[in-house]
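Under our numbering, think of the first position of the sequence shown as 113, with each following residue one higher. Yeah, the Cβ is synthetic: ideal placement off N, Cα and C, and Gly gets one too. Below: the structure, in structure tokens.
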Amino acid sequence: MDKTVKIRIPAGAEQILHRLEEKGFEAYVVGGCVRDSLLGRDPHDWDITTSATPQQVKQIFPRTVDTGLKHGTVTVLLDREPYEVTTYRIDGEYLDGRHPSGVTFTRSLREDLQRRDFTINAMAYSDSRGLQDCFGGLEDLENGLIRAVGDPMKRFGEDALRIMRAVRFAAQLGYAVEDETRRAMKTLAPTLSRVSAERIAAELEKLLVSPHPEMIRMAWECGITAVVLPEFDRCMETEQNNPHHCYSVGEHTIHSLLQARQDRILRLTMLLHDFGKPACKTTDDKGIDHFYGHPEKSAALANQILRRLKYDNDTRKAVVRLVRSHDRKVRLTKPGVRKAVMEIGEDLFPLFLEVKDADLYAQSLYQRQEKVEEMAEIRRLYAQILEAGDCLSLRDLAVSGDDLIAAGMQPGKELGRVLQDMLRDVVDVPAHNDRDYLLQRYLPS
């Protein structure tokens, strides 16, 4: 117990703690909200743990939802705000590598805390009893360390996803992973094959959009990516003997992640943008490596990987399009930039520019200044195109599909082809975006 530590608890959570204590029960805020508060961050959720059973909680509070009674959880509604209140418990055996076979309620806070994953997540707090830190979580926070509670082999054996969570917390907080915990991660990494794709994807994305996406290197070193993203391992094994590069494909990928802002589409794109290189690698008679066709191959792999990880269609299509376009050369003319915007998409073109920058700054210094100047010129031309309001997509075309049907065309592929021909014309010469001109020029006589 440490009464010198003070945490500011929101009124609703404090009211629940007070009511439970009034009825003779122990009650604390617990887990991530305590960790984040100690780090000076605003917690997203305030979870509560108590010695009261679920039925006792339901008797104390008039508005509750039975969200997980068999695991001891009741959601208490206060002023329409939900708070999860969970009874102290001891988990049974984890037969499926994720869920305990059952739970046993206990009156001991320590027994409840010792089932949790990492020491920094195994602290509880109340104003009346202070900070309850049975496993050195506060010290690990101060030392920047991720450490499993108790035996790490047991903790990771209960839920293999905790192996990825260790890397994710290290990436989010900029912490190291304690040696024994890391050895257990490496030993049990193969058990991640039992974890669902959705849970893998969620942890991978949190790692990628963290302040330290380079921690994916730790996932590789621990054998995690060998199970959940084997394509990354092949990139780490592929050297690039080419004047434009100074890293292996995998290290270039890591450096490009660091160059991209913390946006999920951008970071996913930079992760996947060169995954096709290992399969496309050739070496010429001077010993220079080339990767002809790698954008298309990388796009195909990105599509396959994002499907495997159960990503939504909008995310998958955006990332695949950006991966396919990442090595594209844009002609330094207004028609050249307009054509690139049309083909990549108005919505994705700003991200395309960021992808190009991240890729560029993860390469060698060879021709760096020329590449930077080229990107500046593309941006200058793009700004002028936007200011002029040039037509860049079918929605801005002076002629619509309805116009063509009204003029006698049948719906179908031919109508779509005519609209695309009109758009290409207008992208090349903006003055041609005139209804009369387009109908006269492109409608069959």
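Give a yes or no on whether the C-beta atoms belonging to S461 and A452 are separated by under 8 Å.
-> This sequence places Phe at residue 461; Ser is not what is there. Cβ distance < 8 Å, so F461 and A452 count as in contact.
Delimiting residues of the alpha helix (DSSP H) encompassing D548 = 547-554 is the span of the alpha helix (DSSP H), which, as asked, contains D548.
Answer yes if the segment 118-132 comes into contact with the segment 180-198, meaning at least three C-beta pairs across the two stretches below 8 Å, and no otherwise.
-> In this structure the segment 180-198 touches the segment 118-132; the number of beta carbon pairs closer than 8 Å is three or more.
Member of G399, E254, L465, T216 whose CA lies at the smallest distance from the CA of L434 = The option with the nearest alpha carbon to L434 is L465.
Which of the three DSSP states, helix, strand or coil, is assigned to V177?
-> In this structure, V177 counts as strand in the three-state DSSP scheme.
Okay, do the segment 395-411 and the segment 496-510 touch, 3+ Cβ pairs below 8 Å being the bar?
-> At 8 Å Cβ cutoff, the stretches do not touch.
Helix, strand or coil: which one does DSSP assign to L189?
-> In this structure, L189 counts as strand in the three-state DSSP scheme.
Confirm, please, whether the CB-CB distance from M454 to L516 is below 8 Å.
-> At the C-beta level, L516 and M454 stay beyond 8 Å of one another.
Give a yes or no on contact between the segment 309-319 and the segment 274-287, applying the rule of three or more CB pairs nearer than 8 Å.
-> Flag = yes, the segment 309-319 and the segment 274-287 touch.
Unbroken alpha helix (DSSP H) run spanning R501, endpoints = Rather than Arg, the amino acid found at residue 501 in this sequence is Gly. Taken as a continuous stretch (DSSP letters only), G501 belongs to no alpha helix (DSSP H), as it is neither H nor E.
V349, DSSP secondary structure in three states = Here the sequence assigns Glu to residue 349, which means Val is not the residue at that position. E349 falls in the coil class under three-state DSSP.
Taking the runs of the beta strand (DSSP E) that are 3 residues or longer, which of them lie wholly in the segment 477-544?
-> Along the segment 477-544, the beta strand (DSSP E) does not occur as any fully enclosed run of 3 or more residues.
Per DSSP, what kind of secondary structure is A372 in: helix, strand or coil?
-> In the structure shown, the three-state DSSP call for A372 is coil.
Are L132 and T179 closer than 8 Å when you measure CB to CB?
-> At least 8 Å separates the beta-carbon of L132 from that of T179.
Inter-residue spacing [alpha-carbon to alpha-carbon] between H183 and T198 = Our two residues, H183 and T198, have alpha carbons roughly 8 Å apart in a direct line.
Touching by the beta-carbon criterion (3+ pairs, under 8 Å), the segment 385-394 and the segment 360-367 = As far as the Cβ criterion goes, the segment 385-394 touches the segment 360-367, which means the pair count is three or higher.
State buried or exposed for I400, treating a residue as buried only when at least 16 other CB atoms are found within 10 Å of its CB.
-> Residue environment: I400 is assigned as exposed (fewer than 16 neighbouring CB atoms within 10 Å of its CB, all protein chains considered).
Report yes if the CB atom of R274 is closer than 8 Å to the CB atom of R267, and no otherwise.
-> Yes.
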